[in-house]
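Enquirer: In order, the protein sequence lines correspond to chains A and B. Read in order, the letters of the first sequence correspond to residues 1 to 615 in our numbering. Read in order, the letters of the second sequence correspond to residues 1 to 615 in our numbering. Don't be surprised by glycine CBs; every beta carbon is placed ideally from N, CA and C. Can you read through this structure? Questions will come right after.
2 protein chains.
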Amino acid sequence: MSNQQQEVYETIKWNGWGDYGVEMKLHEKNQFWARHVDGKPIKNLMNFIYNEIKGGKGPIEMPPPTPSITLEAAISMLSKPNLNESFLKELGSALAADQIRTDGLSRITHICGKNYRDLWRVRRGLVERAPDAVVLPNNHSDCVKLVRLAQTHNVVLIPFGGGTNVTGGVECNPFEQKRMNVSVDMRRMNRMIKIDKKSNLATFETGVSGPELDDQLFRYGFMLGHDPDSYTYSTLGGWIGARGSGAMSNQYGDIEQMVVSMKVVTPTGVVETPLTSRVCGVDLNGLFIGSEGAFGIVTEATVKLEPIPEERIYEGYLFPSFEVAFAAFQECNAKGIKPCTLRLYDEDDFRMSTAMSTSSHGFLEKLIGKGFKAFLKNQRGWNLHKVSLVIVGFEGTKKRAAFQRAETAEVFKRHGGLGVGRKAGESWQEKKYDLPYIRDFALGNSFWADVFETSVLYADAIPCWLAVKAAVRKVWEEHGQHGWIGCHTAHQYKFGCCLYFTFASSQGDENDLKVFLEIKTKAMEAMLKYRGNLSHHHGIGYEHVPWMTRYMGPGAMNILFDLKKKVDPKNICNPGKLLPSLPKEGEGEDALAQRQAKELMFDKMGIPGAVKAHL
Amino acid sequence: MSNQQQEVYETIKWNGWGDYGVEMKLHEKNQFWARHVDGKPIKNLMNFIYNEIKGGKGPIEMPPPTPSITLEAAISMLSKPNLNESFLKELGSALAADQIRTDGLSRITHICGKNYRDLWRVRRGLVERAPDAVVLPNNHSDCVKLVRLAQTHNVVLIPFGGGTNVTGGVECNPFEQKRMNVSVDMRRMNRMIKIDKKSNLATFETGVSGPELDDQLFRYGFMLGHDPDSYTYSTLGGWIGARGSGAMSNQYGDIEQMVVSMKVVTPTGVVETPLTSRVCGVDLNGLFIGSEGAFGIVTEATVKLEPIPEERIYEGYLFPSFEVAFAAFQECNAKGIKPCTLRLYDEDDFRMSTAMSTSSHGFLEKLIGKGFKAFLKNQRGWNLHKVSLVIVGFEGTKKRAAFQRAETAEVFKRHGGLGVGRKAGESWQEKKYDLPYIRDFALGNSFWADVFETSVLYADAIPCWLAVKAAVRKVWEEHGQHGWIGCHTAHQYKFGCCLYFTFASSQGDENDLKVFLEIKTKAMEAMLKYRGNLSHHHGIGYEHVPWMTRYMGPGAMNILFDLKKKVDPKNICNPGKLLPSLPKEGEGEDALAQRQAKELMFDKMGIPGAVKAHL
């Protein structure tokens with residue numbers, strides 16, 4: 001590796017989503033419009049903001065810009081790195097000089113993930129906990145050296161993939177200021193190591209991003225079939241660490257169905273899980289998938305491959321309500337009808353989608369045109385406030401896709417669904433990676449937006465959907481604020497599905513994050529009440545740790561504590577993520593509970609000064 | 001529970017498969033025929049025995065009977081039970097008197113599983129290591145009491161489900177003679193605890209057998225969809241313990257796709273895994289599924305339910321060879337064509353199936369009729385020695401089943417497959433639970449038969465299939481013996497499948513088991529050479545422990561050792577199964593390796609006197 005090589009993090013915004021230069025902007029001529037990342041105008045933006053986010057109150061006008069501080073300013077505000085000189089000296093002998101970075105740009109670009117809480121903080125200069133250094137391993141062997149030296153010198157390691165994490169998985173634990181914290185940027189490790197075309201398997205280094213991975217497979221006629229919203233930037237290792245899932249998971253599986261075996265570098269040795277067509281005995285993959293790097297660094301993974309499908313059909317349906325469409329989904333489930341993609345946007349999410357439509361004669365706009373609305377109301381007798389959108393996708397041979405499409409259509413139509421054609425599907429495909437840009441636009445213009453998701457059993461899906469939205473709205477109400485929240489369901493299992501919430505409100509003052517964290521907390525309580533889990537595919541990270549003991553139960557938690565102690569006795573692997581603090585020698589139950597409660601200070605992160613005062 | 005209740009084990013043969021009275025017998029009129037369990041004559045038996053098992057050598061005659069010792073004799077040969085009186089006293093206060101059995105019948109019926117090695121031993125009176133007592137818990141709470149007392153009094157617990165295990169999973173560890181050994185018969189725990197019809201989930205006690213489980217679901221319109229050959233007798237807990245799989249796994253999943261959450265009673269506490277539509281964070285189910293009771297007793301499990309299919313079609317195809325049919329399977333796999341059941345019997349397995357055909361105008365017999373053979377040879381140009389049979393099944397809605405059938409037929413026919421109709425499918429369905437009865441018949445008539453399976457990646461499937469058969473035949477050759485071995489493949493995954501071997505030979509002398517164990521060893525080496533695993537669905541038990549460290553690798557093994565120490569510090573949970581002996585305090589690596597090697601005395605089990613001499 002030469003010093004001239006440009007690292008991925010140098011090309012991606014330090015304080016927002018995507019490459020520099022790609023962003024949603026205010027329209028230069030019409031103050032009520034914006035331009036999407038593709039340059040096309042969004043004409044209905046102001047209406048949506050006024051009616052949905054501001055609750056029809058206040059002036060109908062674009063609010064003032066709320067710019068981020070500059071990169072230079074952020075770098076100047078970084079604390080002096082806490083460098084473990086003996087570690088760095090030995091590491092310097094083991095790796096090349098350009099693999100070890102302690103400069104401001106490297107540190108600031110690895111400070112956190114990309115959710116609202118992350119960006120709110122860095123945009124305002126709350127950059128006190130950047131990693132002390134960034135290390136760039138070139139391969140598995142580099143990782144072995146790095147972990148060994150970190151173990152010897154008691155240095156904290158935080159694996160860093162695409163940096164797209166939204167649950168606090170890549171930030172430094174505020175309680176780890178005494179030890180040096182190293183962000184391990186895996187993105188140089190982006191190679192396919194081998195491919196077994198007969199067995200449909202390939203082994204990759206885990207720093208490979210979505211496009212890099214598929215590009216290496218396409219030439220052999222294969223793909224992975226993993227398509228999360230973060231696809232462009234996120235990495236195989238990140239998908240494994242957060243137990244990711246993509247938009248076509250119904251057909252190609254979640255990440256745990258894709259990963260067949262792994263190489264994990266733990267502080268106490270390398271663990272390789274067997275490469276086999278089906279596990280025999282017990283399965284250790286489940287301990288590392290979703291582990292957030294808390295047990296070590298996953299350096300290589302063998303994944304199953306899918307042939308590139310002959311046919312891809314994505315199309316839309318409208319339903320009179322979320323509940324009606326949900327019932328249609330249930331019938332498909334009972335009949336074994338399993339489209340590759342099956343997404344249902346509730347009335348609020350649907351209105352957001354149409355508001356964000358860009359094309360002047362766009363498909364989604366047509367759906368909210370007067371003529372069509374009159375048809376739905378008068379001919380169909382629908383309540384227009386309840387109309388929900390379904391995006392359904394079929395992939396495979398031409399025959400399979402056609403058959404699945406026909407059997408799905410039969411069920412959908414019998415439940416009152418109205419096919420609205422392939423434009424809806426294309427429109428979804430086109431825009432599916434763009435939501436984070438809208439979030440950044442909001443942050444820059446006096447608004448904010450964020451997402452969270454859960455996974456529920458079918459019996460709880462409708463009550464959970466209602467309860468979460470009600471809980472979030474109640475927080476706004478109690479604070480005299482307005483906001484918008486929508487939900488879609490995707491990732492259908494035989495016994496349950498994912499509910500994914502998107503929500504937005506106006507920026508106020510320094511207490512914004514306090515309200516936001518209250519929303520997250522109340523929403524989580526609502527989800528748990530309906531047996532929802534902590535996250536469907538965004539992971540546990542830092543933000544969901546407060547609920548881990550409750551979710552897992554004490555018996556399971558003890559096993560995980562023990563595993564952590566065994567493989568990572570010094571707790572150098574991404575401490576504070578996945579699990580709360582481990583019991584200390586001789587520490588009583590009460591003392592432990594108190595200490596854990598103190599450390600799980602989710603409600604203090606991002607409140608200026610709160611962390612410092614709390615430590 | 002009353003004392004009058006008949007326990008399941010009282011109704012099942014102590015020294016063979018199935019209920020008393022159901023068995024395959026010699027035909028009373030024709031010395032070359034037998035009667036199958038359904039009473040129908042098997043006319044081709046002698047030909048098969050002569051040509052295939054005896055290698056066309058020796059007299060064409062039915063060999064002499066080789067009867068088992070009687071139940072009474074076996075009971076009289078049991079050693080005096082090693083009873084831990086203080087344990088029994090406390091247990092007697094916690095449970096009802098009829099839940100604790102130390103009588104000879106209870107002990108002899110829980111001595112081992114049902115493979116050839118097991119039955120060979122008990123039929124000859126090698127009954128020295130029966131459990132000291134049998135305990136019959138009525139519910140989860142009984143199991144909690146039992147495990148707590150066993151932990152206090154250092155008593156070994158061996159969970160016992162249907163007793164159909166074929167890998168030594170339920171026998172006492174010969175190195176555990178100093179401690180009392182209790183077989184925990186779970187079969188009273190056969191209730192459905194709750195059903196969630198909306199979410200397609202039901203919670204069962206794990207002692208429930210296949211028919212008991214489905215009977216409780218049928219009334220709600222559901223089934224589990226798990227259909228192993230042992231279905232009639234094996235239990236949910238056994239399927240979990242051995243990581244089982246059934247004949248329709250392609251559609252309904254292996255047991256790990258069916259079990260959503262579990263309650264596990266370990267010596268250090270109860271562990272419940274979360275009930276969720278998809279795991280978040282890390283997944284502990286994989287640690288208990290396939291664990292052979294080595295971490296505790298799985299008392300309850302929530303499983304996903306399948307609607308009872310509208311249509312079920314099972315039919316047969318002939319292919320000119322195993323390799324050609326395998327190529328057709330590969331094309332189906334690449335195209336996403338996934339029949340519920342997809343089984344391919346190689347030429348040897350096919351000949352065995354036809355030889356065992358019962359109906360006088362039976363379907364399979366017709367396939368080996370002269371006219372049909374001539375057609376295959378002359379019209380199709382097939383080598384009749386290579387003809388292989390495929391059984392393919394489709395389940396679901398009528399439309400889905402018809403579509404899948406058509407797309408499968410298209411691929412099969414293009415590869416030269418010849419449809420032979422639904423009779424082939426019905427014939428397989430009818431006979432699928434009967435193989436163990438043939439094995440028992442062999443044991444009673446101077447022959448023996450057994451099975452083992454592995455799971456391979458597709459790239460290795462054909463070489464592994466050839467290598468295993470060659471390895472087994474070589475052992476026979478080296479011992480101047482003859483035998484028959486056939487193979488079928490089933491359970492298709494995206495990247496590999498199961499290879500299932502059935503083999504038989506003549507009984508000789510007391511060294512039979514030595515030859516058999518050599519076969520198992522050589523076959524395992526051949527499987528491992530081609531990256532096959534230790535077992536596809538029969539589990540690890542006792543017999544596969546010698547290869548566990550090699551299969552799992554040292555890193556993974558250390559994690560399992562640690563987990564075992566954590567949840568079962570006294571090693572009371574089915575010791576000697578799943579894992580080799582744990583390192584002892586202060587024990588050096590060499591000493592450990594030597595001790596483990598001594599304890600992994602797979603090659604001595606069943607050799608009269610060898611165990612005793614070895615301990």
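In whole angstroms, what separates the C-alpha of A/P580 from that of A/K598?
Expert: 10 Å
Enquirer: Going along chain A, which residues have a C-beta under 8 Å from B/N115?
Expert: Ordered by position in chain A, no residue passes the 8 Å Cβ test against B/N115, which lies about 16 Å from the chain.
Enquirer: So, with DSSP's three-state summary, where would you put A/N139?
Expert: coil
Enquirer: For the alpha helix (DSSP H) that A/T302 lies in, which residues bound it at each end?
Expert: Per DSSP, A/T302 belongs to no alpha helix (DSSP H); it is in the beta strand (DSSP E), I297 to K304.
Enquirer: In whole angstroms, what separates the C-alpha of B/M258 from that of B/Y231?
Expert: 15 Å
Enquirer: Taking DSSP's pairing of strands, which residues face A/M223 in a bridge?
Expert: A/E306.
Enquirer: Output yes if chain B places a C-beta closer than 8 Å to the C-beta of A/M548; else output no.
Expert: Closer than 8 Å to some Cβ of chain B, the Cβ of A/M548 qualifies, so yes.
Enquirer: For a contact meaning CB atoms closer than 7 Å, what does B/K198 contact in chain A?
Expert: Y458 and A459
Enquirer: Check whether chain B comes within 8 Å of A/H415, counting only Cβ atoms and requiring the distance to be less than that.
Expert: no
Enquirer: Measure the Cβ-Cβ separation of A/A461 and A/C497 and say whether it is below 8 Å.
Expert: yes
Enquirer: List, in order along the chain, the chain B residues whose C-beta lies closer than 7 Å to that of A/T11?
Expert: Correct list: empty, because the minimum Cβ distance to chain B is about 32 Å.
Enquirer: State the Cα-Cα distance for the pair A/Q596 and A/T549, rounded to the nearest angstrom.
Expert: Going from the Cα of A/Q596 to the Cα of A/T549 covers about 11 Å.
Enquirer: Report the residue ranges of all beta strand (DSSP E) runs contained in full by the segment 455-511 of chain B; include only those spanning at least 3 residues, in chain order.
Expert: 483-492 and 496-506
Enquirer: What residues in its chain sit with their C-beta under 8 Å from that of A/E292, if we drop five residues either side in the sequence?
Expert: G169, G241, A242, G539, I540, G541, N574, K577 and L578
Enquirer: Please confirm whether A/E347 has its beta-carbon closer than 8 Å to some beta-carbon of chain B.
Expert: no
Enquirer: Grab the span of the beta strand (DSSP E) containing B/N181 for me, first residue to last.
Expert: Per DSSP, the unbroken beta strand (DSSP E) holding B/N181 starts and ends at N181 to D185.
Enquirer: Taking all protein chains shown into account, decide if A/S79 is buried (16 or more other Cβ within 10 angstroms of its Cβ) or exposed.
Expert: exposed
Enquirer: For the segment 180-191 of chain A, enumerate the residues whose C-beta is nearer than 8 Å to any C-beta of chain C, in chain order.
Expert: In summary, chain C is missing from the structure at hand, where the protein chains are A and B.
Enquirer: Any C-beta of chain B within less than 8 Å: which residues of the segment 547-570 of chain A qualify?
Expert: From the segment 547-570 of chain A, only M548, Y551, M552, G553, P554, G555, A556, N558, I559, L560, D562, L563, K566 and V567 have a Cβ closer than 8 Å to chain B.
Enquirer: If you draw a straight line from the alpha carbon of B/T408 to that of B/I313, how long is it in whole angstroms?
Expert: 12 Å
Enquirer: Would you verify that the beta carbon of A/W448 is, or is not, closer than 8 Å to some beta carbon of chain B?
Expert: no
Enquirer: For B/S353, which option in B/G21, B/K431, B/G553 and B/F452 has the closest C-alpha, if you only look at C-alpha atoms?
Expert: B/K431
Enquirer: With 9 Å as the C-beta to C-beta threshold (strictly closer), list the residues of the segment 267-290 of chain A near chain B in chain order.
Expert: Residues passing the 9 Å Cβ filter: T268, G269, V270, V271, E272, T273, P274, L275, T276, S277, R278, V279, C280, G281, V282, D283, L284, N285, G286, L287, F288, I289 and G290.
Enquirer: Check the C-beta distance from B/I519 over to B/V451 and give it rounded, since I have them as a contact under 8 Å.
Expert: Between B/V451 and B/I519 the Cβ distance is about 12 Å, and since that is not below 8 Å, they are no contact.
Enquirer: For A/G210, report the span of its alpha helix (DSSP H) as first-last.
Expert: G210 to F218
Enquirer: Can you tell me whether A/F495 is buried or exposed, with buried defined as 16 or more other CB within 10 angstroms of its CB?
Expert: That one is buried.
Enquirer: For B/N3, I'd like the list of residues in its chain whose CB is within less than 6 Å of its CB, leaving aside the five on either flank, ordered along the chain.
Expert: Low confidence applies to B/N3: its pLDDT is 49, below 50, so where it sits in the model is not reliable enough to give any reading.
Enquirer: With H, G and I counted as helix, E and B as strand and the rest as coil, what does DSSP make of B/L560?
Expert: helix
Enquirer: Pull up the distance between the alpha-carbon of A/K564 and that of B/M557, whole angstroms please.
Expert: 15 Å
Enquirer: Check the Cβ of B/A623 against every Cβ in chain A and list those closer than 7 Å, keeping chain order.
Expert: Outside the shown range of chain B (1 to 615) lies residue 623 of chain B, about which nothing can therefore be said.
Enquirer: What residue does the beta strand (DSSP E) around B/I158 start on, and which one ends it?
Expert: Annotation: the continuous beta strand (DSSP E) that includes B/I158 extends over V156 to F160.
Enquirer: Taking B/F403 as the query, report the chain A residues whose CB atoms sit under 7 Å from its CB, ordered along the chain.
Expert: Contact of B/F403 with chain A by beta-carbon distance below 7 Å involves F403.
Enquirer: Between B/K335 and chain A, is any beta-carbon pair separated by less than 8 Å?
Expert: So yes, B/K335 belongs to the interface.
Enquirer: Would you decide whether A/Q594 is buried or exposed? Buried here means 16 or more other CB atoms lie within 10 Å of its CB.
Expert: exposed
Enquirer: Could you tell me whether the segment 202-220 of chain B touches the segment 456-473 of chain A, where touching means 3 or more Cβ pairs closer than 8 Å?
Expert: no
Enquirer: Is there contact here, the segment 274-287 of chain B with the segment 220-237 of chain B, by at least three beta-carbon pairs under 8 Å?
Expert: no
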